[in-house]
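Chains as they are written, first to last, in this note's numbering: chain A, 4 to 505; chain B, 11 to 113; chain C, 3 to 127; chain D, 737 to 1042. Okay, structure first, notes after.
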Amino acid sequence: MEFIKNFPFITIVLSLFCSVICYAFKDKKARFVTYFLLIISSCMSFSVIMYNLFSETGYFAYRMGHYDAPIGNEISAGLLEPFFALLFEIVIFLSITGGYKRLQKDVEESKQRFFYIMINLTHAALMSLCYTNDIYTAYVFIEICTIASCALLMSSKRTRSLVAATRYTIFSLIGSSLVLIGIVLLYSVTGHLLFPNIFETIQALWATGEYTNPLTIALGLIISGLAIKSGMFPFHWWMPDTYGTATPCASGILSGVVSKGYIFLLLKMIYRVIGPQIFLESGINNILLVFGVCGMIVGSVSAIRTSNITFMTAYSSAAQIGYIYMGIGLGTKEALLAALFQIVAHSLTKPMLFLAAGGLSDTVGGKQDFDSLRSSAHYNKPSGIAFAAGALSMVGIPIFAGFVPKMLFSISAFGHGFKTYIVLLALAISTILNVIYFLRTLVNIYSPAIVDIPREKIHFSKIKVFTVVVIVMAIVNLTVGLHSQPIISLFEKGIEIFINIR
Amino acid sequence: MEEIITIFRVLLLVSLVVCAIATALSKRVMTAVIVFTSYSIVMAVVWLLLRSPDLAITEAAVGAGVNGVLFFLTLRKLHLIDKDFKDDETAKSNAEVNENEEN
Amino acid sequence: MNFLINYEEVTSMILFAIGFTMLVFSKNIMKKILGLNIMDTGVYLFLASMGYIEDKLTPIVPPTGEVNALDYINPIPAGLVLTGIVVSVSFSALMLALTVRLYKKYRTLNLDEIYEKCSKEDEEE
Amino acid sequence: MKKTDFTKNFKEWYEGNLSFDEQLSHNVEDIPVEHKKDEPHHVRKKIRTLQKLENDERKATKFGYRVFSIVFCVIICAVLIGTVNFLPGFADANAPTANEVYEHYVGEGREQTGAVNTVAGMILDYRAFDTLGESFVLFTATCAVLLLLEKAKNAPVKKRETFTFSNDPIICLVVKLIVPIIIVFGVYILFNGHLSPGGGFSGGAILGTGFILFAMAYGEDVAAKVISAKAIKIITICSLSFYCLSKSYSFFTGNEFNGVHSIIGPGTPGDFLSGGLILPLNLAVGFVVCCTMYSFYMVFKRGRLD
Chain A
4 MEFIKNFPFI TIVLSLFCSV ICYAFKDKKA RFVTYFLLII SSCMSFSVIM YNLFSETGYF
64 AYRMGHYDAP IGNEISAGLL EPFFALLFEI VIFLSITGGY KRLQKDVEES KQRFFYIMIN
124 LTHAALMSLC YTNDIYTAYV FIEICTIASC ALLMSSKRTR SLVAATRYTI FSLIGSSLVL
184 IGIVLLYSVT GHLLFPNIFE TIQALWATGE YTNPLTIALG LIISGLAIKS GMFPFHWWMP
244 DTYGTATPCA SGILSGVVSK GYIFLLLKMI YRVIGPQIFL ESGINNILLV FGVCGMIVGS
304 VSAIRTSNIT FMTAYSSAAQ IGYIYMGIGL GTKEALLAAL FQIVAHSLTK PMLFLAAGGL
364 SDTVGGKQDF DSLRSSAHYN KPSGIAFAAG ALSMVGIPIF AGFVPKMLFS ISAFGHGFKT
424 YIVLLALAIS TILNVIYFLR TLVNIYSPAI VDIPREKIHF SKIKVFTVVV IVMAIVNLTV
484 GLHSQPIISL FEKGIEIFIN IR
Chain B
11 MEEIITIFRV LLLVSLVVCA IATALSKRVM TAVIVFTSYS IVMAVVWLLL RSPDLAITEA
71 AVGAGVNGVL FFLTLRKLHL IDKDFKDDET AKSNAEVNEN EEN
Chain C
3 MNFLINYEEV TSMILFAIGF TMLVFSKNIM KKILGLNIMD TGVYLFLASM GYIEDKLTPI
63 VPPTGEVNAL DYINPIPAGL VLTGIVVSVS FSALMLALTV RLYKKYRTLN LDEIYEKCSK
123 EDEEE
Chain D
737 MKKTDFTKNF KEWYEGNLSF DEQLSHNVED IPVEHKKDEP HHVRKKIRTL QKLENDERKA
797 TKFGYRVFSI VFCVIICAVL IGTVNFLPGF ADANAPTANE VYEHYVGEGR EQTGAVNTVA
857 GMILDYRAFD TLGESFVLFT ATCAVLLLLE KAKNAPVKKR ETFTFSNDPI ICLVVKLIVP
917 IIIVFGVYIL FNGHLSPGGG FSGGAILGTG FILFAMAYGE DVAAKVISAK AIKIITICSL
977 SFYCLSKSYS FFTGNEFNGV HSIIGPGTPG DFLSGGLILP LNLAVGFVVC CTMYSFYMVF
1037 KRGRLD
């Protein structure tokens, strides 16, 4: 059974290898290679979870080379890492199967090969971000992830998406440069590159009071860099353009997976590199809390003000990411649990919403404003149902996945003094705002049309795969919402390992 | 000897900063690219002084060579250099031809 | 006062700040790319100067005989920078390709104008 | 007199108005707006004043923007230099970076990896995973550039580029003399990565620039015949796959619980065939870098790989 320990590394190298193979193949074969890879690697991630669940420590480090840390390179897996790897794989798989029809339309035929290459590379980079135990490796794979996700955006035929991609690229570059300089500062005061060694050195340095200033600056730079890349509040302005103009498959992957990958890396940086104690002492958590709360409100208000369905979905992403940062900012284990569950709920819901929005706008010839989209749900029933399910989940109706994190957040908010009131108030306001814009959209797409434009009735038989995918997504969402207890207990165990075992 | 090297090092660093500021402030892209290429070469020498010959070779080949070539090619594609060598009208007609072909 | 001893690091930070400002505030997309390159080289200079130790040799050891590690400078930053330089080339190539495409469509390098033209197009649609 | 000349020149350069480049500035507001002749005089005057006002306003905001960005730059500078103030001194032998890891890499590296050049040993043996990622960054960038700029296969290659360096006798002759030297130097750097400064990245970049010079001087058509798109593709795919597979083998054998031991030893340090996997990996990285640089050039120039 020890062979399972090889799986994380095999996942990474296999997906890199598959991207090279896709470069040699034509689009159709490239697609099958991608599916094959995703299925195989999800099985591997699942078996890693099972292995760790039933092993003694629930954690292992794997040498990438012949030498132990601090000399060689390492990857490590507890319970959270393979779980998020599995989640990302499932979401990518569902997005590309569901968005395939639309992909054919949006991407030139000769360029589809590159689309799959980029998916494979994004997958490899995300796996590495999940499993890595080395700070410079993390930087390198952040760069791969950035280039690949920019290329996913650029693959669309429309020039409009190129402009959006430019903005996204520039923001990502700013983010990764901040991460880089933070990493270099960390290296210069600790002299190590591997997480456990940096952690030990930092604890010792912090206790003596030496280099406190550079450490705080480095932590701030890394966190702000990753926050920009994942779209935290003051930096979320690239989101609507980026997600709104790309092909639904790409926007689903970007919002559901890539930004979550950065957030997971951020969590690793906070809990496994810096240490939760120092994170709380440095005061950065309060800034994250404030920005998270602001993001929840501002994102929702922006979503109310826009009249474009994909822009609205994108702004709601900004609001949902605000929840995650709020959880990180609270700094307790319960809040971390809530933030992790929020990642799961959001990753499962957002791609569904983007796919459904794409399907809805297909009925009216690609238009995305609410006036044209009225009654479109009757013309494309699966999309309508999926959008309704996603919207209800995002609002936080019980039995859907989106309800659980909200409940966990409100439980975890107690016992923080005045922060409790801020968090509870923000949750309440944000939920009300969520209800306003999602229900308005739902009412819009189901109410009779007011604009006379050509509409196309899309029957089930034309979009069989899409229907199946969307229904699977909705079922997964419901399952996670109804049976949240196994995942919560897995997270509780995983968080203990995540924070304590190195 | 040590002092001379230190002075040389400081001079190089000062010229790096000057080059960077010149790149930032020059309004013409062409000038900025040329200044940037010289910046890369100075950087290669700085790395040699830091006892990292690997970096010096790579920077000289990549920073000054490939990067410079890519920048100039882009400028040429955008017809921002063409006018240096040709009279204005040819450049303009070329640009139009180019536009038509692209569309 | 550590500034005077750390002149190499100070320079690299100045370079980083200049490049970062260019990347964030320059409206010309080519200038942004140049800024990106300057910023990256600034960070790499910082990293490389971390490895340098006075009076020590380039880390190329003799093929035979005793090796005293303390005679040589630190090779780690050099290795990291070596891998890092390639990233900036890749990014500038990607951004330059993007520039070519954008210029073909909008005939300008100014990002503000590109956004303006783009939103105008949207309204027309 | 000289001083005024310099300040004037500097100002002109700063404004971007040097004599040889007056036409090249693409600042839109510099282009005069044409007026229709048939408009009455006062209307024209009014338009002009309005435009002047608008221009002034734009200049003022531009100035404000510039000042703001400079202030921003100074603030960042101050923060970072303030941080540097707390860092260990430059060239300090007791800095935190000069720790046991460094001593291990330099002291034991020769015996463990077989490479005399410690940097090569470090990036291709101890920390090979980074380098694997790095060569894939290049691959990703190539694919992204191809995605953006590649034209359809049967699109005609434009013949309108009248200006090539192959018409220039001086450049052509110099390049003919210099290209073989560059390529030989590149190959030397590439093959001696484990023995002397250099290795995959630097050697590949030099080789790439050599090929780019070749393509520039002889024209892309000739270059496309010598190095075809298919060759570039095959070399890239083979090198990357080799890198993946060989490193998987060494990662797999690096963990004892797998029960397999690597059959690749470090060899005699200093020999040409030494350093275990370092020489082949250097070659693979070098080919990837070379192909990437060359294909960047070709794609930018012609919109396709050959």
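Where a beta carbon is used, it is the ideal one built from N, C-alpha and C, also for glycine.
**Message:** Short of 7 Å Cβ to Cβ, which residues in the stretch 929-956 of chain D face chain B?
**Reply:** Cβ contacts with chain B come from Pro933, Gly934, Gly935, Phe937, Ser938, Ala941, Ile942, Gly944, Thr945 and Ile948.
**Request:** Please list, in chain order, all residues of the same chain as Glu111 (chain B) whose beta carbon is under 7 Å from its beta carbon, the five residues on each side excluded.
**Result:** Bear in mind that a pLDDT of 46 at Glu111 (chain B), under 50, signals an unreliable position, so the number given afterwards is only what the model happens to contain. Nothing meets the Cβ criterion.
**Prompt:** With distances taken from CA atoms, which of A:Ala359, A:Ile400, A:Ile402 and A:Gly393 is nearest His381 (chain A)?
**Reply:** In this structure, A:Ala359 is the residue among A:Ala359, A:Ile400, A:Ile402 and A:Gly393 with its C-alpha nearest to the C-alpha of His381 (chain A).
**Prompt:** With 16 other CB atoms within 10 Å as the buried threshold, where does Ser227 (chain A) fall?
**Reply:** Burial check for Ser227 (chain A): the Cβ neighbour count within 10 Å reaches 16 or more, so the residue is buried.
**Prompt:** Measuring CB to CB, does Ile312 (chain A) end up less than 9 Å from Ile122 (chain A)?
**Reply:** No, the pair does not count as a contact, with Cβ atoms beyond the cut-off.
**Asked** Listed from N- to C-terminal order along the chain, which residues in the stretch 72-83 of chain C have their beta-carbon within a distance smaller than 7 Å of any beta-carbon of chain B?
**Response** Near chain B, meaning a CB-to-CB distance below 7 Å, the residues of the stretch 72-83 of chain C are Ile75, Ala80 and Val83.
**Prompt:** Any beta-carbon of chain C closer than 9 Å to the one on Val56 (chain B)?
**Reply:** Yes, its Cβ sits closer than 9 Å to a Cβ of chain C.
**Asked** For Val909 (chain D), is the classification buried or exposed, using 16 other Cβ atoms within 10 angstroms of its Cβ as the cut-off for buried?
**Response** In the sequence as displayed, the identity of residue 909 (chain D) is Leu instead of Val. Exposed, since its Cβ has fewer than 16 Cβ neighbours within 10 Å.
**Message:** Taking contact to mean 3 or more Cβ pairs, one atom from each stretch, closer than 8 Å, check whether the stretch 7-16 of chain C and the stretch 784-793 of chain D are in contact.
**Reply:** Contact annotation: the stretch 7-16 of chain C does not touch the stretch 784-793 of chain D, with fewer than three C-beta pairs closer than 8 Å.
**Request:** For Asn853 (chain D), decide whether its Cβ has a neighbour in chain B, counting only Cβ atoms nearer than 9 Å.
**Result:** It does: the Cβ of Asn853 (chain D) has a partner Cβ on chain B nearer than 9 Å.
**Message:** Using only CA atoms, which one of A:Gly361, A:Val296, A:His349 and A:Glu203 lies nearest to Ile432 (chain A)?
**Reply:** Ranking the options by Cα distance to Ile432 (chain A), first place goes to A:Val296.
**Item:** Proximal chain B residues relative to Lys686 (chain D), where beta-carbon distance stays under 7 Å
**Value:** This structure leaves residue 686 (chain D) out entirely; chain D is present only between 737 and 1042.
**Item:** Under the three-state DSSP convention, the category Arg66 (chain A) falls into
**Value:** Three-state DSSP puts Arg66 (chain A) in a strand.
**Prompt:** Any C-beta of chain C sitting closer than 9 Å to the C-beta of Val166 (chain A)?
**Reply:** Closer than 9 Å: yes.
**Prompt:** Once you ignore the five residues that flank Glu770 (chain D) on each side, which residues in its own chain have a CB closer than 6 Å to its CB?
**Reply:** Note that Glu770 (chain D) scores 46 on pLDDT, short of 50, meaning its location in the model is unreliable and no value can be drawn from it.
**Request:** State buried or exposed for Cys25 (chain A), treating a residue as buried only when at least 16 other CB atoms are found within 10 Å of its CB.
**Result:** Buried is the call here.
**Prompt:** Closest Cβ-Cβ distance between Ile16 (chain C) and chain D: below 9 Å?
**Reply:** Yes, because at least one Cβ of chain D sits closer than 9 Å to the Cβ of Ile16 (chain C).
**Asked** So, Lys33 (chain C) versus Thr33 (chain B), is the Cβ gap smaller than 9 Å?
**Response** Against a cut-off of 9 Å, the Cβ pair of Thr33 (chain B) and Lys33 (chain C) comes out as a contact.
**Message:** List, in chain order, every chain C residue whose beta-carbon is nearer than 9 Å to that of Cys153 (chain A).
**Reply:** Under the 9 Å cutoff, chain C gives Leu96 and Leu100.
**Sequence-distant residues of the same chain with beta carbon closer than 8 Å to Ile229 (chain A), five excluded per side** = Checking the sequence, you will find Leu at residue 229 (chain A) rather than Ile. Residues of the same chain with a CB within less than 8 Å of the CB of Leu229 (chain A), apart from the 5 flanking positions on each side, are Gly178, Val182, Tyr265, Ile266, Leu268, Leu269 and Met272 in chain order.
**For Ile277 (chain A), the first and last residue of its enclosing alpha helix (DSSP H)** = No residue range can be given for Ile277 (chain A), since it is assigned to no alpha helix (DSSP H) and is classified by DSSP as neither H nor E.
**Message:** According to DSSP, simplified to helix, strand and coil, what is Glu5 (chain A)?
**Reply:** Looking at Glu5 (chain A) - three-state DSSP - the assignment turns out to be helix.
**Request:** Could you name the residues of chain A that Val63 (chain C) contacts, counting a contact when the two beta carbons are closer than 7 Å?
**Result:** In chain order: nothing, as chain A lies at least about 17 Å away.
**Start and end residues, alpha helix (DSSP H) containing Ile43 (chain A)** = Residues Asp30 to Phe57.
**Asked** Is Tyr214 (chain A) helix, strand or coil by DSSP?
**Response** In the structure shown, Tyr214 (chain A) sits in coil (DSSP, three-state: anything other than H, G, I, E or B).
**Prompt:** Nearest to Asp71 (chain A) by alpha carbon, out of D:Lys983, D:Asn991 and D:Gly1006?
**Reply:** Nearest C-alpha to Asp71 (chain A): D:Asn991.
**Request:** Rounded to whole angstroms, what's the CA-CA distance from Thr101 (chain C) to Ser48 (chain A)? Just pull it up for me.
**Result:** The straight-line gap from Cα to Cα measures roughly 39 Å.
**The alpha helix (DSSP H) enclosing Glu870 (chain D), as first and last residue numbers** = In the DSSP assignment, Glu870 (chain D) falls within the alpha helix (DSSP H) that extends over Ala864 to Leu885.
**Request:** Check whether the Cβ of Met157 (chain A) lies closer than 9 Å to any Cβ atom in chain C.
**Result:** Yes, its Cβ sits closer than 9 Å to a Cβ of chain C.
**Item:** Cα-Cα separation, Ser25 (chain B) to Met97 (chain C)
**Value:** Ser25 (chain B) and Met97 (chain C) have their C-alpha atoms spaced approximately 27 Å apart.
**Item:** Contacting positions in the stretch 173-191 of chain A - beta carbon closer than 9 Å to chain D
**Value:** Correct list: Ile184, Leu188, Tyr190 and Ser191.
**Asked** Which of the three DSSP states, helix, strand or coil, is assigned to Ser159 (chain A)?
**Response** Here Ser159 (chain A) carries a strand assignment [DSSP, helix/strand/coil].
**Item:** Coarse secondary structure for Leu789 (chain D), derived from DSSP in three states
**Value:** Three-state DSSP puts Leu789 (chain D) in a helix.
**Message:** Buried or exposed, going by whether 16 or more other CB atoms sit within 10 Å of the CB of Phe22 (chain C)?
**Reply:** Its Cβ being crowded by 16 or more others within 10 Å, Phe22 (chain C) is buried.
**Message:** Please give the ranges of any alpha helix (DSSP H) in the stretch 175-214 of chain A, keeping only runs that are unbroken, at least 4 residues long and fully inside the region.
**Reply:** Runs found: 198-211.
**Asked** If you run the structure through DSSP and keep just helix, strand and coil, what is Val110 (chain A)?
**Response** Note: Val110 (chain A) maps to strand in three-state DSSP.
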